[in-house]
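Participant: Mind having a look at this structure? Questions to follow.
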Amino acid sequence: MIENLKPEIIEAILDALPVEMSFVDENDEVRYFNKDGDRIFPRPRGIVGRKVQQCHPQKSVHIVNKILADLKSKKRDVAAFWLDLRGRKVYIRYFPVWDKKGTYVGCLEVTQDITDIQRITGEKRLLDEQK
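In structure tokens:
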């Protein structure tokens, strides 16, 4: 039902999510990223249209290529990494994106600061008033 939404509303929805996303198409070209200017890993607008391999240090390009090959071939349905960055725990996942016909159309990178999530204990079933 996405046809009922204006592009600016779709963009606002994607920016409201508590994750950073980048989309790389089937030709390994960066096509989209959300949260322009407010990211754990900032992206210059100039990367859109560029090969994703050109957006990574040369020493890690073989890993990028391996992830993409594994996702495209269905060898894996997610590639996940986590790291400590400036006192925060950052969780990075890569997902293949398939169209309705089952054709690979790209890869979605999702990055999330999970520091506060890791601190959750017990249960909270109702919305408490914030103090």
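In our numbering, the protein residues as written are -4 to 126.
Virtual Cβ for every residue (Gly too), placed ideally from N, Cα, C.
Predicted model, so just to flag it, every value in this text is computed and none were measured.
Give me the DSSP bridge partner(s) of Ser17.
Facilitator: DSSP output for Ser17 lists Phe28, Glu104 as bridge partner(s).
Participant: For Asp108 versus Arg83, is the C-beta distance shorter than 7 Å?
Facilitator: Contact: yes.
Participant: Take Val25 and list the residues in its own chain whose beta-carbon comes closer than 6 Å to its own, dropping the five residues that flank it on each side.
Facilitator: Closer than 6 Å at Cβ, skipping near neighbours: Val19, Ile42, Val43, Arg45, Val47.
Participant: Between which two residues does the alpha helix (DSSP H) carrying Ile42 extend?
Facilitator: Neither: Ile42 is in no alpha helix (DSSP H) and is coded neither H nor E.
Participant: Taking Cβ positions, are Cys102 and Tyr89 nearer each other than 7 Å?
Facilitator: For Cys102 and Tyr89, yes; Cβs fall inside 7 Å.
Participant: Out of Glu3, Leu12, Asp79, which has the shortest C-alpha to C-alpha gap to Gln113?
Facilitator: Residue Asp79 is the option with its Cα nearest to Gln113.
Participant: Use the C-beta contact count for Phe76: other C-beta atoms within 10 angstroms, 16 or more gives buried, fewer gives exposed.
Facilitator: Classification for Phe76: exposed.
Participant: Starting from the C-beta of Trp93, find all residues in its chain whose C-beta is less than 7 Å away, skip the five residues before and the five after it, and write them out in chain order.
Facilitator: Tyr99, Val100, listed in sequence order.
Participant: Among Ser68, Glu15, Met16, Gln49, which residue has its Cα nearest to the Cα of Gly97?
Facilitator: Here the closest residue by C-alpha is Ser68.
Participant: Have a look at Thr116 and Asn22 and give me their C-alpha separation to the nearest angstrom.
Facilitator: Approximately 43 Å, taken between the alpha carbons.
Participant: If you draw a straight line from the C-alpha of Thr106 to the C-alpha of Glu3, how long is it?
Facilitator: Distance between the alpha carbons of Thr106 and Glu3 is about 22 Å.
Participant: Between which two residues does the beta strand (DSSP E) carrying Pro91 extend?
Facilitator: Note, Pro91: beta strand (DSSP E), 83 to 93.
Participant: Determine the extent of the alpha helix (DSSP H) in which Asp10 is found, giving its start and end residues.
Facilitator: Segment 2 to 11, the alpha helix (DSSP H) holding Asp10.
Participant: Please state the DSSP three-state secondary structure of Asp111.
Facilitator: Helix at Asp111.
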